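Here the structure comes first, spelled out in structure tokens, and everything after it is commentary.
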Amino acid sequence: MLTNRCLRSPICARITLSRLFYTCNIVPSSAAISVRYIQHAAAPAGTGPAVAIIGSGPAGFYTAQKLMREIQGTKIDMYEQLPVPFGLVRFGVAPDHPEVKNCQDTFQDVAASPDYTFIGNVNLGHDLPLPLLTKHYDAIVFAYGASKDRKLGLEGENKPHIYSARAFVGWYNGLPEYRDLNPDLAAGETAVIIGQGNVALDVARTLLSKIDILKRTDITESAIQALSESKIKHVHVVGRRGPMQAAFTIKEVRELLQLDDVNFTPIPDNLFPPDLENLPRPRRRLMELLKKGSPVKESATKSWSLDFLLAPQSFNWSAADAEKLEGVTFAKTRLEHPESPESTVTNTDETKLIPTSTLFRSIGYKAEAIPGMVELGVEFDDRKGTIRHDGFGRAVPLYSPGIENTHHIGLYCSGWVKRGPTGVIASTMTDAFQTAEAIVGDWKSRTSLDHQSPSPKDGWIGVQADAKALDLPLRPVNWDNWQRIDSAEKTVGATKGKPREKFVSVAEMLDASTAASGPASTSS
Numbered sequence: 001m002l003t004n005r006c007l008r009s010p011i012c013a014r015i016t017l018s019r020l021f022y023t024c025n026i027v028p029s030s031a032a033i034s035v036r037y038i039q040h041a042a043a044p045a046g047t048g049p050a051v052a053i054i055g056s057g058p059a060g061f062y063t064a065q066k067l068m069r070e071i072q073g074t075k076i077d078m079y080e081q082l083p084v085p086f087g088l089v090r091f092g093v094a095p096d097h098p099e100v101k102n103c104q105d106t107f108q109d110v111a112a113s114p115d116y117t118f119i120g121n122v123n124l125g126h127d128l129p130l131p132l133l134t135k136h137y138d139a140i141v142f143a144y145g146a147s148k149d150r151k152l153g154l155e156g157e158n159k160p161h162i163y164s165a166r167a168f169v170g171w172y173n174g175l176p177e178y179r180d181l182n183p184d185l186a187a188g189e190t191a192v193i194i195g196q197g198n199v200a201l202d203v204a205r206t207l208l209s210k211i212d213i214l215k216r217t218d219i220t221e222s223a224i225q226a227l228s229e230s231k232i233k234h235v236h237v238v239g240r241r242g243p244m245q246a247a248f249t250i251k252e253v254r255e256l257l258q259l260d261d262v263n264f265t266p267i268p269d270n271l272f273p274p275d276l277e278n279l280p281r282p283r284r285r286l287m288e289l290l291k292k293g294s295p296v297k298e299s300a301t302k303s304w305s306l307d308f309l310l311a312p313q314s315f316n317w318s319a320a321d322a323e324k325l326e327g328v329t330f331a332k333t334r335l336e337h338p339e340s341p342e343s344t345v346t347n348t349d350e351t352k353l354i355p356t357s358t359l360f361r362s363i364g365y366k367a368e369a370i371p372g373m374v375e376l377g378v379e380f381d382d383r384k385g386t387i388r389h390d391g392f393g394r395a396v397p398l399y400s401p402g403i404e405n406t407h408h409i410g411l412y413c414s415g416w417v418k419r420g421p422t423g424v425i426a427s428t429m430t431d432a433f434q435t436a437e438a439i440v441g442d443w444k445s446r447t448s449l450d451h452q453s454p455s456p457k458d459g460w461i462g463v464q465a466d467a468k469a470l471d472l473p474l475r476p477v478n479w480d481n482w483q484r485i486d487s488a489e490k491t492v493g494a495t496k497g498k499p500r501e502k503f504v505s506v507a508e509m510l511d512a513s514t515a516a517s518g519p520a521s522t523s524s
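Numbering (UniProt numbering), first residue to last: 1 to 524.
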């Protein structure tokens with residue numbers, strides 16, 4: 001029997017339900033709770049495990065990198081819903097942060113290995129049943145990130161002029177799902193962002209930045225047009241708690257404070273701890289920066305503020321037009337321990353109205369379960385948006401009285417679907433390395449998903465054969481296809497003085513993926 005070893009050190013396919021279930025030596029769902037401990041036949045010398053990684057963002061690539069370094073001959077098949085790789089790096093990183101995307105160089109090195117296969121444009125759980133994979137791999141890693149955003153739970157938040165920050169970021173970054181968002185940024189001069197994490201500050205910075213600067217990034221043309229027509233002059237970034245509890249980091253705050261022709265509304269001194277010197281260095285530096293603010297710029301035409309201790313209660317709509325937003329009513333809040341980063345907060349009876357015509361909610365992302373997990377006995381926590389695991393990335397089975405609480409053999413998770421949507425790319429790397437080390441330990445113990453199939457497993461080759469037998473209409477995109485897409489985007493971008501002009505529809509991506517030469521047209 002395996003024991004949980006202490007393995008330390010070091011988004012994003014989204015999945016929908018399949019109409020098919022393929023039986024492939026899987027324990028039926030009613031019995032899936034009883035975990036099988038299976039001895040893997042001794043693998044031939046020099047061979048490594050066949051691993052399916054679901055998701056081609058940072059979690060997926062860093063897991064692959066570590067596995068390929070640690071076990072010679074590891075075969076990686078990486079499944080991605082979209083025809084293009086890199087997940088959050090492509091669709092979540094702000095356009096004016098190109099340096100954050102440098103990790104793509106590492107990912108491309110991984111993809112250059114003959115032991116790596118990219119399988120894009122395959123939506124597991126819809127195009128291909130998840131249980132079909134199990135007999136073809138020694139391990140399956142769920143690394144598909146968090147594709148949904150958390151909601152406020154207020155009446156009317158799905159009406160026009162109220163946007164999810166995830167949708168807005170996806171829209172200006174070219175995520176096909178949000179190509180038709182078309183936010184109305186000309187409805188008024190004030191915008192409110194609810195939430196005080198780095199994504200909220202990315203949205204604020206994008207709304208306030210000079211258009212000439214954004215034009216030199218890989219932001220989409222439709223976003224450039226909408227931002228050029230924007231009338232927004234002030235952005236409120238609102239949080240339920242105080243400065244000490246804010247989730248944003250110093251880098252993002254500093255960038256906003258340094259924007260040309262943009263002023264910052266000073267934060268009242270009574271919101272800061274009286275003795276900043278005794279704070280831990282990172283928090284002290286952030287508090288000092290917030291307290292200092294930035295010099296008033298006489299030429300400024302725009303401004304922003306951090307509004308603390310406010311919890312959204314209701315939206316205010318025009319009496320003449322029920323779909324015209326006029327403001328948000330907030331409850332003023334009180335911190336139990338204002339100087340503690342973990343302080344709880346309660347609403348008071350006092351309220352505050354902030355007039356606005358445009359609102360963004362930015363209170364976190366959330367992963368969803370892949371259809372087929374139940375058949376595998378994997379437990380997904382819908383509230384947290386994570387896969388239940390043993391602390392090291394091994395998926396833990398559905399709970400059943402009388403059954404030992406151990407982990408599934410061959411099923412793992414990595415990244416946001418493992419720990420929740422927190423942290424930066426470096427955090428994801430550390431997390432992914434931990435999961436990879438768990439897989440390495442299990443492989444050395446000669447454990448596998450399925451003992452009835454011969455070793456080594458046949459991976460994508462076997463999956464394709466099964467898909468063909470089931471008459472599943474797949475149109476997979478390989479790495480060479482992606483490189484054609486990449487080249488076409490860069491070629492079009494060069495004509496506009498940009499790093500690339502992203503294709504914003506799957507159809508455009510697929511057309512470019514098979515083009516013999518020359519760029520395909522891009523439309524927004």
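Quick reminder that beta carbons are idealized off the backbone N, C-alpha and C, glycines included.
Nothing here was measured: the structure is a model prediction, and the numbers come from that model.
Does DSSP classify residue 230 as helix, strand or coil?
Counting from 1 along the sequence shown, the entry for residue 230 is found at position 230. Of the three classes helix, strand and coil, the one that applies to residue 230 here is coil, per DSSP.
For residue 77, list the residues DSSP reports as bridge partners.
By one-based count along the sequence shown, residue 77 stands at place 77. Paired residues: 52, 117.
Measuring CB atoms only, is the region 214-228 touching the region 114-132, in the sense that at least three cross pairs come out at less than 8 Å?
Flag = no, the region 214-228 and the region 114-132 do not touch.
Return the first residue and the last residue of the alpha helix (DSSP H) that residue 377 is part of.
For the purposes of this step, residue 377 is taken as the residue at position 377 of the sequence shown. Counting along the chain, residue 377 falls outside any alpha helix (DSSP H), and DSSP gives it neither H nor E.
When DSSP builds the beta bridges, which residues end up paired with residue 126?
Numbered from 1 along the sequence shown, position 126 holds the residue referred to as residue 126. Answer by DSSP bridge pairing: none, since residue 126 is not bridged.
Exposed or buried, what is residue 296 when buried is set at 16 or more other beta-carbons lying within 10 Å of its beta-carbon?
One-based indexing of the sequence shown puts residue 296 at position 296. The residue is exposed, with fewer than 16 neighbouring Cβ atoms inside 10 Å.
What are the residues that DSSP puts in a beta bridge with residue 95?
Counting from 1 along the sequence shown, the entry for residue 95 is found at position 95. According to DSSP, which records beta bridges pairwise, residue 95 is partnered with nothing at all.
Quick check on DSSP: helix, strand or coil for residue 335?
Start at 1 with the first residue of the sequence shown, and residue 335 comes out as number 335. Of the three classes helix, strand and coil, the one that applies to residue 335 here is strand, per DSSP.
CA-CA distance, residue 526 and residue 511?
Any question about residue 526 goes unanswered here, given that the chain covers just 1 to 524.
Under 8 Å Cβ to Cβ from residue 514, same chain only, skipping five residues before and after it: list those, please.
In the sequence shown, counting from the first residue as 1, residue 514 sits at position 514. Closer than 8 Å at the Cβ level, and outside the excluded window around residue 514, lie 481, 484.
Within the chosen definition, does the region 71-91 reach the region 191-209 through at least 3 CB pairs nearer than 8 Å?
With a cut-off of 8 Å, the region 191-209 and the region 71-91 do not count as touching, because too few Cβ pairs lie within range.
I need the DSSP call for residue 392, collapsed to helix, strand or coil.
Residue numbering aside, residue 392 sits at position 392 when the sequence shown is read from its first letter. If DSSP states are grouped into helix, strand and coil, residue 392 belongs with coil.
How many Å lie between residue 439 and residue 445 at the Cα?
Position 439 of the sequence shown, counted from the start, is the residue given in the question as residue 439. Position 445 of the sequence shown, counted from the start, is the residue given in the question as residue 445. Distance between the alpha carbons of residue 439 and residue 445 is about 10 Å.
Measuring only the C-alpha atoms, how far is residue 246 from residue 252?
For the purposes of this step, residue 246 is taken as the residue at position 246 of the sequence shown. For the purposes of this step, residue 252 is taken as the residue at position 252 of the sequence shown. Answer to the nearest angstrom: the Cα atoms are 12 Å apart.
What's the gap between the Cα of residue 166 and the Cα of residue 96?
Walking along the sequence shown from the start, residue 166 turns up at place 166. Walking along the sequence shown from the start, residue 96 turns up at place 96. When rounded, the distance between both Cα atoms is 17 Å.
If you measure between the beta carbons of residue 256 and residue 304, is that distance less than 8 Å?
Reading the sequence shown from its first residue, position 256 is the one you call residue 256. Reading the sequence shown from its first residue, position 304 is the one you call residue 304. Yes, the Cβ-Cβ distance between residue 256 and residue 304 is below 8 Å.
So, using beta-carbon positions, are residue 254 and residue 289 closer together than 8 Å?
What you label residue 254 is simply residue 254 of the sequence shown in a count that begins at 1. What you label residue 289 is simply residue 289 of the sequence shown in a count that begins at 1. Yes, they are a contact pair.
So, with DSSP's three-state summary, where would you put residue 88?
Position 88 of the sequence shown holds residue 88. Three-state DSSP puts residue 88 in a helix.
Just to confirm my understanding: we take residue 411, look at its own chain, exclude 5 residues before and 5 after, and list those with CB closer than 7 Å. What are they?
Counted from its first residue, the sequence shown places residue 411 at position 411. Excluding positions up to five away in sequence, the list reads 140, 376, 378, 395.
On the three-state DSSP scale, how would you describe residue 204?
Within the sequence shown, residue 204 is the residue found at index 204, counting from 1. Looking at residue 204 - three-state DSSP - the assignment turns out to be helix.
Distance, Cα to Cα, residue 68 vs residue 74?
Sequence index remark: in the sequence shown, residue 68 carries index 68 (1-based). Sequence index remark: in the sequence shown, residue 74 carries index 74 (1-based). If you take the alpha carbons of residue 68 and residue 74, they lie about 5 Å apart.
Just the C-alpha distance for residue 208 and residue 137, rounded to the nearest angstrom, thanks.
Within the sequence shown, the letter at position 208 stands for residue 208. Within the sequence shown, the letter at position 137 stands for residue 137. The alpha-carbon atoms of residue 208 and residue 137 are separated by roughly 48 Å.
I'd like to know whether the C-beta atoms of residue 345 and residue 334 end up nearer to each other than 8 Å.
Counting from one through the sequence shown, the residue named residue 345 turns up at place 345. Counting from one through the sequence shown, the residue named residue 334 turns up at place 334. Contact: yes.
Measuring alpha carbon to alpha carbon, tell me which residue in 301, 155, 170 is nearest residue 178.
As a position in the sequence shown, residue 178 is number 178, starting the count at 1. With distances taken between Cα atoms, residue 178 lies closest to 170.
Mapping DSSP to helix, strand and coil, what is residue 176?
For the purposes of this step, residue 176 is taken as residue 176 along the sequence shown, with counting starting at 1. In the structure shown, residue 176 sits in a helix (DSSP, three-state: H, G or I).
State the Cα-Cα distance for the pair residue 349 and residue 478, rounded to the nearest angstrom.
Within the sequence shown, residue 349 is the residue found at index 349, counting from 1. Within the sequence shown, residue 478 is the residue found at index 478, counting from 1. When rounded, the distance between both Cα atoms is 58 Å.
Indicate whether the contact test is met: 3 or more Cβ pairs, each with one atom in the region 380-396 and one in the region 96-111, closer than 8 Å.
Touching, no, given that fewer than three Cβ pairs across the two stretches are closer than 8 Å.
Could you give the residue range of the beta strand (DSSP E) that holds residue 411?
Here residue 411 refers to the residue found at position 411 when the sequence shown is read from its first residue. That run of the beta strand (DSSP E) goes 411-413.
Should residue 277 be labelled buried (16 or more other beta-carbon atoms within 10 Å of its own) or exposed?
Residue mapping note: residue 277 aligns to position 277 of the sequence shown, counting from 1. Result: exposed.
Against chain C, with Cβ distances strictly below 8 Å, would residue 86 count as a contact?
Going by chain labels, chain C is absent from the structure shown, which holds only one protein chain.
Quick check on DSSP: helix, strand or coil for residue 321?
The count along the sequence shown starts at 1 and reaches residue 321 at position 321. Coil, per DSSP.
Can you tell me which of the three DSSP states residue 258 falls into?
Reading the sequence shown from its first residue, position 258 is the one you call residue 258. Reduced to three states, the DSSP call for residue 258 is coil.
Evaluate contact between the region 417-437 and the region 460-473, counting only Cβ atoms and requiring at least three cross-stretch pairs below 8 Å.
No: fewer than three Cβ pairs fall under 8 Å.
Residue 431 lies in the alpha helix (DSSP H); which residues open and close that run?
As a first step, residue 431 must be located in the sequence shown, where it is residue number 431. First-last of the alpha helix (DSSP H) with residue 431: 425-444.
Would you kindly work out how many angstroms separate the C-alpha atoms of residue 390 and residue 55, rounded to a whole number?
The residue you call residue 390 lines up with position 390 of the sequence shown. The residue you call residue 55 lines up with position 55 of the sequence shown. Roughly 21 Å between the two C-alpha positions.
Relative to the C-alpha of residue 148, which candidate in 155, 135, 163, 134 has its C-alpha closest?
Reading the sequence shown from its first residue, position 148 is the one you call residue 148. Out of 155, 135, 163, 134, 163 has the C-alpha closest to the C-alpha of residue 148.
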